[in-house]
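Numbering (my numbering), first residue to last: 12 to 156. The beta-carbon is built from N, C-alpha and C at its ideal position, and this holds for glycine as well.
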Amino acid sequence: MLDAQETKTAPSLLYMVKQVELVVRSHLDELVKPSGITALQYTALTVLERHDGLSAAQLARDSFVTAQSIADLVRSLENRGLVRRERNPRNRRELLILLTDAGRALLAEHEGPVRELEERMVRDLTTHQAQQLRQALTKAWQALS
């Protein structure tokens, strides 16, 4: 635990989490830029890879973007042939967003470099520390969700 003096001089956890998020996003943007997509678009594709056939609202929530910006993001991915939209058979008014074969191929192309980025991020941690970090981040997210 940090003592009172260290608490005053150490950056807040919120600040540190934001620093990590920004540097990861910057590196991820550089990794996916040659494919003509952004880190946010890549994140949306990975969400669809795990849970294909989401509504725009669900995809926005799971991709950490606003409902307003997801429409442009999906349109751009659809124009590139990376996703497609189709009517929900259970609710004909709703469109579901699905990953295409081209979207899967793009994700497969970046799988190795993205894994290397994650490994680089935790390379100075032991395997146990990396697992603890994952568990701690999951608990922090659950506490605020």
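In or out: residue i buried (at least 16 other Cβ within 10 Å) or exposed?
i: Y26; result: exposed
i: A151; result: exposed
i: L59; result: buried
i: H139; result: exposed
i: G114; result: buried
i: T54; result: buried
i: V94; result: buried
i: A116; result: exposed
i: L24; result: exposed
i: L70; result: buried
i: L136; result: exposed
i: Q142; result: exposed
Per DSSP, which residues does residue i bridge with? Please list them.
i: V94; result: L110
i: L65; result: I108
In terms of residues, what are the limits of the alpha helix (DSSP H) holding residue i?
i: L138; result: Position check: residue 138 holds Thr in this sequence, whereas Leu was assumed. Counting along the chain, the alpha helix (DSSP H) containing T138 begins and ends at 138–155.
i: S37; result: 24–43
Could you say which of the options lies nearest to residue i if we only look at CA atoms?
i: V31; options: V85, S156, L144, L118; result: L144
i: L118; options: Q146, D135, P45; result: P45
i: L88; options: R103, R98, A50; result: A50
i: R98; options: G92, N90, A67; result: A67
i: G47; options: R134, E130, G92, A21; result: G92
i: E127; options: V35, K29, A21, V28; result: V35
i: T57; options: Q146, A147, T111, R134; result: T111
Using a threshold of 7 Å, is the CB atom of residue i nearer than that to any non-hydrogen atom of the ligand SAH?
i: H139; result: Within the structure as shown, the ligand SAH is missing, as the structure has no ligands at all.
Given 8 Å, three or more beta-carbon pairs between the segment 62–76 and the segment 98–115:
The answer is yes - the segment 98–115 touches the segment 62–76, with three or more Cβ pairs under 8 Å.
Examine the Cβ distances between the segment 70–84 and the segment 33–40 and report whether three or more of them are shorter than 8 Å.
Counting Cβ pairs under 8 Å, fewer than three are found: no touch.
Are there three or more Cβ pairs, one per stretch, closer than 8 Å when the segment 82–99 is compared with the segment 122–134?
Short answer: they don't touch.
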